[in-house]
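Take 558 as the starting number for the sequence shown in the working numbering and just add one per residue. A virtual CB, placed ideally from N, CA and C, is assigned to each residue, including glycine. Have a look at the structure below before the remarks.
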Amino acid sequence: MSNATLDVTSDGPVAVVRLRRPDKLNALDLRLKQELADALERVVADPVTRAVVLTGAGRAFCAGADLTDLAPEEGMPFRDRLATLQAQLIERIAAAPKPFVAAVNGAAVGGGFALAAACDVIVAADTAYFSAPQLALGLAPDLGIVATLSARVGAARARALLLTGERLTATEAHAWGLVHAVVPHDELDTEAQALATRLAAAPAPAVAATKRLFGALESADRARLLEREAAELSLLRLTDEHAAAVAAFRARSAVRAPAR
558 MSNATLDVTS
568 DGPVAVVRLR
578 RPDKLNALDL
588 RLKQELADAL
598 ERVVADPVTR
608 AVVLTGAGRA
618 FCAGADLTDL
628 APEEGMPFRD
638 RLATLQAQLI
648 ERIAAAPKPF
658 VAAVNGAAVG
668 GGFALAAACD
678 VIVAADTAYF
688 SAPQLALGLA
698 PDLGIVATLS
708 ARVGAARARA
718 LLLTGERLTA
728 TEAHAWGLVH
738 AVVPHDELDT
748 EAQALATRLA
758 AAPAPAVAAT
768 KRLFGALESA
778 DRARLLEREA
788 AELSLLRLTD
798 EHAAAVAAFR
808 ARSAVRAPAR
């Protein structure tokens with residue numbers, strides 16, 4: 558399955574879901590969020606698929622929210638739609654009985670960092686990095702990253718990363734236990750596919766049970782967190798600080814854009 562922003566391909570029991578907005582560093586606009594949520598639902602329901610690789614096209618895994626495409630929405634309608642989409646994306650990874658491998662080919666920023674952290678295993682290219690700069694944009698962390706990152710690297714390290722927005726290189730992420738393996742960039746797809754194939758060969762009931770056990774630790778807190786995120790973000794989007802940060806970002810983007 559392929560469309561303008563997303564590709565889904567299969568190689569035997571492994572499905573590869575590839576974000577495809579390389580000119581936008583695979584930033585998540587509302588369309589891509591919905592298409593990704595729908596694609597995840599399909600691959601999880603597919604009886605042939607036993608493992609999923611999530612990756613990006615071009616030089617980034619995912620640059621987070623597309624700040625050039627934010628609609629001037631506010632209030633409960635925005636909060637409800639955001640809560641639904643965010644929950645769909647994370648729950649369809651976390652609650653799936655099938656293992657997800659994040660193949661982080663480049664920058665994993667903001668929501669992109671959160672998507673990678675929601676997967677079961679992360680393999681990163683040696684050129685990849687992770688950061689969560691939402692605070693600098695007048696926003697709070699989203700897509701459940703407070704919970705997933707804390708579970709993977711510890712609460713103190715997660716808090717520091719999310720408050721400072723500092724970059725974490727692939728090597729540092731591996732040393733912290735966030736990343737399973739770091740490989741040369743041109744070997745990433747092969748290594749991620751090999752790992753997913755190995756996971757797909759494991760007994761499916763045992764894999765599903767293992768994910769349920771981890772889910773039992775995280776699911777209730779994750780649901781409450783996602784709901785709280787939507788409430789906080791719906792208010793933060795109305796602040797002067799966020800408006801100024803988005804305006805500055807759009808101005809920088811306009812300067813960098815090539816002449817047509």
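Can you give me the start and stop residues for the alpha helix (DSSP H) that residue i sits inside?
i	result
G669	G668 to A675
L756	L745 to A758
So what's residue i in DSSP terms, helix, strand or just coil?
i	result
F732	Before going on, a small fix: residue 732 reads as Ala here, not Phe. Correct three-state label for A732: helix.
D699	coil
T566	strand
A685	coil
A819	Past the edges of the chain, shown from 558 to 817, lies residue 819, and the structure says nothing about it.
A773	helix
P762	helix
T705	helix
P503	Outside the shown range of the chain, which is 558 to 817, sits residue 503, and nothing can be said about it.
T767	helix
R578	coil
T641	helix
A693	helix
A561	coil
L795	coil
Tell me the residue span of the beta strand (DSSP E) that contains residue i.
i	result
D595	D595 -> not in any beta strand (DSSP E); alpha helix (DSSP H) instead, spanning L587 to A602.
A715	Unbroken run through A715 is the alpha helix (DSSP H), A712 to T721; no beta strand (DSSP E).
G617	Correcting the residue identity first, residue 617 is Ala in this sequence and not Gly. Looking at the DSSP string, the run of the beta strand (DSSP E) that includes A617 is A617 to C619.
For residue i, which beta-bridge partners are listed by DSSP?
i	result
A660	T612 and V680
A572	S567 and V609
V739	A681
L725	F687
A622	L585
A665	C619 and F687
In chain order, what residues of the same chain have a beta carbon less than 8 Å from the beta carbon of residue i, not counting five sequence neighbours either side?
i	result
T728	D683 and V739
E789	A697
R588	T562
R809	none
Note down, in chain order, each residue of its chain lying with its Cβ closer than 6 Å to the Cβ of residue i, except the 5 sequence neighbours on either side.
i	result
G632	Any answer about G632 is weak, because its pLDDT of 47 lies below 50 and its placement is not dependable; what the coordinates show is given next. Hits under 6 Å: none found.
A802	L694 and G695
S567	none
T754	V571
Which residues in the same chain as residue i place their Cβ atom closer than 7 Å to its Cβ, once the five residues preceding and following it in sequence are excluded?
i	result
C676	L611, I650, F657, V658 and A659
V710	W733, G734 and L735
A730	A681, F687 and V736
Examine chain B for any beta-carbon lying closer than 8 Å to the beta-carbon of residue i, and answer yes or no.
i	result
A715	In the structure shown, chain B does not exist; there is a single protein chain.
Between the segment 675 to 683 and the segment 735 to 752, do at least 3 Cβ pairs fall closer than 8 Å? yes
At a cut of 8 Å, does the segment 656 to 663 reach the segment 717 to 726 through at least three beta carbon pairs? no
With three or more C-beta pairs closer than 8 Å as the rule, is the segment 687 to 695 touching the segment 790 to 804? yes
Do the segment 593 to 602 and the segment 570 to 581 make contact, defined as three or more Cβ pairs closer than 8 Å? yes
Tell me, please, whether the segment 579 to 587 touches the segment 613 to 621 by the rule of three or more beta-carbon pairs shorter than 8 Å. yes
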